[in-house]
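Notes to accompany the following structure.
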Amino acid sequence: MIYAPSFSSQAWENADLCEYLASHGYVVNASPSLGPTTRQMVGTIAGANAHARDISFLIGYAESADNEIPKHFLVESFRAASGVAPSFVGFRNEVLKEGAEHASDIYLKMRQETPDFKLDEQALESWAATLMSNAQVSEAIEILKVNAQMHPDSGGVYFSLALAYEKAGQIPLAIENYKSCLKYWPTNPDLGDRIKKLSATKPADKSAP
Numbered sequence: 013m014i015y016a017p018s019f020s021s022q023a024w025e026n027a028d029l030c031e032y033l034a035s036h037g038y039v040v041n042a043s044p045s046l047g048p049t050t051r052q053m054v055g056t057i058a059g060a061n062a063h064a065r066d067i068s069f070l071i072g073y074a075e076s077a078d079n080e081i082p083k084h085f086l087v088e089s090f091r092a093a094s095g096v097a098p099s100f101v102g103f104r105n106e107v108l109k110e111g112a113e114h115a116s117d118i119y120l121k122m123r124q125e126t127p128d129f130k131l132d133e134q135a136l137e138s139w140a141a142t143l144m145s146n147a148q149v150s151e152a153i154e155i156l157k158v159n160a161q162m163h164p165d166s167g168g169v170y171f172s173l174a175l176a177y178e179k180a181g182q183i184p185l186a187i188e189n190y191k192s193c194l195k196y197w198p199t200n201p202d203l204g205d206r207i208k209k210l211s212a213t214k215p216a217d218k219s220a221p
């Protein structure tokens, strides 16, 4: 059995599950989630490809004749999947495949198939922060827009979206989202100064994506 850890996690992140499977006769192969060039995984196509290569290596090792694993342990059956798995991982993988500009449409499609499905606010926030740190500001904005769509009463979501717009030079949209943040997070001490400072700034000639 192949176990693929989550974003940037160690091979032993789910040791209890792997131990449970091993106690029932399964052999579990796992490797850490590593980025394409560094220890940190990145939410890009290159990161997805690096993860896929690690999984391919584990599969190749499991199939090799030198691993001393009895072959009957490796017999598996599969069923064809339909649609996108209603999970954060399924959503992220689909966005990586189709592009961040389709993030909202992908989420809406998943909600149509599973009406009670909802993405975790902090998971999207973390992903957007990673994108921002990798200078993928436009992609981060698209992810944060989905977060605001799902969590319209969260001041933190609007604050992050405003920061992203500000970094992108989209000053009117940054101000708009800072004001939305103020409605739901009136105790944030930075909002007044940020809105005042940006209101005095000549907006760059950039339009919303």
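Numbered continuously in the working numbering, the sequence shown closes out at residue 221. Beta carbons: idealized from backbone N, C-alpha and C, even for Gly. Bear in mind the structure is a predicted one, so any value in this text is a computation, not a measurement.
Asked                                                                                                                                                                                    : Found
Taking C-beta to C-beta, are Glu-133 and Val-169 nearer than 8 Å?                                                                                                                        : yes
Using CA atoms only, rank isn't needed, just tell me which of Ala-27, Glu-137 and Ala-212 is closest to Gly-167.                                                                         : Glu-137
Which of the three DSSP states is assigned to Tyr-15 in this structure?                                                                                                                  : strand
By how many angstroms is the C-alpha of Ile-153 removed from the C-alpha of Cys-193?                                                                                                     : 16 Å
Going residue by residue through the stretch 112-168, where are the continuous alpha helix (DSSP H) segments of at least 4 residues, counting only ones entirely within it?              : 115-125, 133-145 and 149-162
Taking Cβ to Cβ, would you say Ala-140 is nearer than 8 Å to Ser-172?                                                                                                                    : yes
Looking only at its own chain, which residues have a Cβ that is under 6 Å from the Cβ of Val-87, when we skip the five neighbours before and after it?                                   : Summary for Val-87: the model assigns pLDDT 41, below 50, so the residue's position carries little reliability, and this model does not support an answer.
Take Lys-209 and list the residues in its own chain whose beta-carbon comes closer than 8 Å to its own, dropping the five residues that flank it on each side.                           : none
Comparing C-alpha positions only, which one of Gln-124, Leu-46 and Thr-56 sits nearest to Ile-67?                                                                                        : Leu-46
How is Asn-61 classed by DSSP in three states: helix, strand or coil?                                                                                                                    : helix
Measure the Cβ-Cβ separation of Phe-129 and Pro-98 and say whether it is below 8 Å.                                                                                                      : yes
Quick one, which of Gly-111, Lys-109 and Gly-102 has its alpha-carbon nearest Arg-123's?                                                                                                 : Gly-102
How close, in whole Å, do the beta carbons of Pro-17 and Pro-44 come, if the pair is a contact with beta carbons under 8 Å?                                                              : 6 Å
Here's the rule I'm using: 16 or more other beta-carbon atoms within 10 Å means buried, otherwise exposed. How should Tyr-32 be labelled?                                                : exposed
Look up Ser-99 in the DSSP assignment and say whether it is helix, strand or coil.                                                                                                       : coil
Could you spell out where the alpha helix (DSSP H) holding Leu-46 opens and where it closes?                                                                                             : No alpha helix (DSSP H) contains Leu-46, which DSSP labels as neither H nor E.
Compute the Euclidean distance between the alpha carbons of Phe-85 and Asn-200, then round it to the nearest angstrom.                                                                   : At Phe-85 the pLDDT is 44, less than 50, meaning the model places this residue with poor confidence; the figure from the coordinates comes in the next sentence. Cα-Cα distance, rounded: 56 Å.
Give every residue of the same chain whose Cβ lies closer than 7 Å to the Cβ of Ala-115, excluding the five residues on either side of it in the sequence, and list them in chain order. : Val-107, Glu-154, Ile-155 and Val-158
Can the beta-carbon of Ala-212 be found less than 8 Å from the beta-carbon of Asn-189?                                                                                                   : no
Measuring CB to CB, does Arg-104 end up less than 8 Å from Gly-55?                                                                                                                       : yes
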